[in-house]
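Every letter in the sequence shown is one number past the one before it in the working numbering, and letter 395, counting from 1, is 395.
For each residue, glycine too, the CB sits at the ideal point set by N, CA and C.
Since we're looking at a predicted model, the values are computed, not measured.
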Amino acid sequence: MNRPLLIAAAILSAAPGLAVEVPVGVARVDVTPTHPVVLTGYGHRVGEFQGVDAPLWARAMAIGDDPAVIVAVDNCGVPTPVVAEVRRRVAESKAFDPSRLVVASTHTHNAPQLAGYAPLIWEGRDTPEQRQHVADYTAWLTGKIVEVATAAVRDRKPAELSWGQGRATFGGNRRLMIDGVWKGFAFQEKAPVDHSMPAMFARRDGKLVAVWANYACHCTSAGSENRVGPDWAGFAAEEIERDAPGATAVITIGCGADVGPQPTGNVGLSRRHGRALADAVAAVAKGPNVPLSAGPEVVQATIELPLASVPGREHWEKEAKREGFEGRHARRMLAQLDRDGKLPAAVPYPIAAWRFGGDLAIVFLPGEVTVDYAVRLKGEMDWTRLWINGWSNDVPGYIPSKRVLAEGGYEPDFSQIYYGWPTHYSPDVEDLLVSTVESLLGDGFRKTADTPAPDFFAVPEALLPSMRK
Ligand SMILES: [Zn+2]
């Protein structure tokens, strides 16, 4: 091609209305357990699941010539060992570059426990047979994640790709604080939320073939009954797929560690919140949205999130005499001390980001990330081009902000027992995490004088009645 033609092609591809097509593929696979297995997410369930309210799915979207692949799994937490095994098999098959894969969990609390996830939820309360069932489901799911990711890569065909942001409003802060002290879980009307809802769309011949939407809220609206279900994220995907026949809808979760669906407590509410998210997606789908002209550049960095100072053997020997979770946790810590001679002082934390030129940066954070990280990152960077996922590539526990650590309560303190860590985090984790994300994104994503102030971190007064019980 000679020079004038090259310039003409460049002008043509940049002209509005003449979108460039990007290879996009999707796939989904049913991951509903077919054998007895314990569910996870709540510490007081007893025994294996008693029924299925709705199926569980793993849904995947592959984007670009050198595909970046997102798999969203209807599960409470897909841990590092599973993701590592998926990547190993993808590398072996040469289906695509496994470093460009993200495995995200929807955090539904009505899906099977996986080996390696939050071990203390079941350890010491389960039977050898139940442990075997967990191992069997974990192995089976691992194969399904490989299968769905590979199928999405194979499914790639040129599509018009675009993204935009809307609002969904059923997330409410769930940390009940009274006189500065954490008191439990309840809708805290004045505390921060992230009501933004980024969404990506792929169309062929004007028809939607893929939707990927993100919202910062726990998947805990169905309550703690011992039944299988995908909670609001799964119902949202189902509703979006019903609205756009032939499309596959991937749902990932933002910094919603301390944000819960309001109101909450039964499957009917899960369906209602799922429909609300699908309505928000339908509104954004109408556009106008920002076209994306190629797959993303993938950047990543693994940091170590420091824990506070770890208590010594004497502490654990005393605690080991206690009943319940504290006692079982202490006995696990002693066993770890006997085996390794020490307890971990930090938590490995692999962060990834997908940069679509200067048009969009999607950040993937492991674990249950508190909403303050969205408030800070979307306040310091240009939120109009930023999308943040939690529960990505690993779920090592809650990631508290400085504020939440200082306040204390379930997320910064007790949950570390479920996740098998010896103590809570150091307050340094906030600056470390934020500065790593900001350096991965680069100065091109900093906010400018033209960036509007975010308007989605507080629940609008008018919506409060619909969110109360
Ligand atoms: Zn959680």
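Below 8 Å on the Cβ atoms is my contact criterion, and I expect residue i with residue j to pass it. Report the Cβ-Cβ distance as a whole number of Å.
{"i": "residue 250", "j": "residue 362", "result": "Actually they do not touch by this definition, with Cβ atoms about 12 Å apart."}
{"i": "residue 282", "j": "residue 215", "result": "14 Å between Cβ atoms; not a contact."}
{"i": "residue 193", "j": "residue 172", "result": "6 Å"}
{"i": "residue 67", "j": "residue 153", "result": "5 Å"}
{"i": "residue 373", "j": "residue 434", "result": "7 Å"}
{"i": "residue 396", "j": "residue 419", "result": "6 Å"}
{"i": "residue 426", "j": "residue 344", "result": "Actually they are not in contact, since the Cβ atoms of residue 426 and residue 344 sit about 13 Å apart, beyond 8 Å."}
{"i": "residue 49", "j": "residue 228", "result": "5 Å"}
{"i": "residue 166", "j": "residue 199", "result": "7 Å"}
{"i": "residue 497", "j": "residue 125", "result": "This structure leaves residue 497 out entirely; the chain is present only between 1 and 469."}
{"i": "residue 354", "j": "residue 298", "result": "6 Å"}
Alpha carbons only, please: which of the options is nearest the one belonging to residue i?
{"i": "residue 22", "options": "144, 196, 31 and 291", "result": "291"}
{"i": "residue 447", "options": "334, 379, 421 and 35", "result": "379"}
{"i": "residue 331", "options": "119, 190 and 449", "result": "119"}
{"i": "residue 115", "options": "106, 76, 151 and 98", "result": "76"}
{"i": "residue 186", "options": "206, 429, 209 and 220", "result": "220"}
{"i": "residue 441", "options": "459, 356 and 430", "result": "356"}
{"i": "residue 26", "options": "449, 180, 248 and 360", "result": "248"}
{"i": "residue 43", "options": "415, 460 and 439", "result": "415"}
{"i": "residue 161", "options": "289, 466 and 81", "result": "289"}
{"i": "residue 206", "options": "150, 189, 287 and 222", "result": "287"}
{"i": "residue 265", "options": "177, 409, 258 and 224", "result": "224"}
{"i": "residue 276", "options": "79, 255 and 236", "result": "236"}
List the residues that DSSP assigns as beta-bridge partners of residue i.
{"i": "residue 171", "result": "261"}
{"i": "residue 252", "result": "214"}
{"i": "residue 166", "result": "197"}
{"i": "residue 56", "result": "None; residue 56 has no bridge partner."}
{"i": "residue 161", "result": "202 and 292"}
{"i": "residue 185", "result": "175"}
{"i": "residue 389", "result": "364"}
{"i": "residue 148", "result": "Residue 148 is not bridged to any residue."}
{"i": "residue 207", "result": "204"}
Exposed or buried, which one is residue i when buried takes at least 16 other CB atoms within 10 Å?
{"i": "residue 452", "result": "exposed"}
{"i": "residue 38", "result": "buried"}
{"i": "residue 468", "result": "exposed"}
{"i": "residue 271", "result": "buried"}
{"i": "residue 11", "result": "Model confidence at residue 11 stands at a pLDDT of 39, short of 50, so the residue's coordinates are unreliable and nothing is read from them."}
{"i": "residue 238", "result": "buried"}
{"i": "residue 377", "result": "buried"}
{"i": "residue 121", "result": "buried"}
{"i": "residue 240", "result": "buried"}
{"i": "residue 132", "result": "exposed"}
{"i": "residue 461", "result": "exposed"}
{"i": "residue 141", "result": "buried"}
{"i": "residue 273", "result": "buried"}
{"i": "residue 335", "result": "exposed"}
{"i": "residue 464", "result": "exposed"}
{"i": "residue 59", "result": "buried"}
{"i": "residue 35", "result": "exposed"}
{"i": "residue 444", "result": "exposed"}
Check whether the Cβ of residue i lies closer than 7 Å to any Cβ atom in chain D.
{"i": "residue 380", "result": "You won't find chain D in this structure, because it holds only one protein chain."}
Report whether the distance from the Cβ of residue i to the nearest heavy atom of ligand 3 is below 6 Å.
{"i": "residue 303", "result": "No copy of ligand 3 appears in this structure; the ligands present are ligand 1."}
Check each residue's C-beta against every heavy atom of ligand 1 and list, in chain order, those closer than 6 Å. 107, 218 and 368
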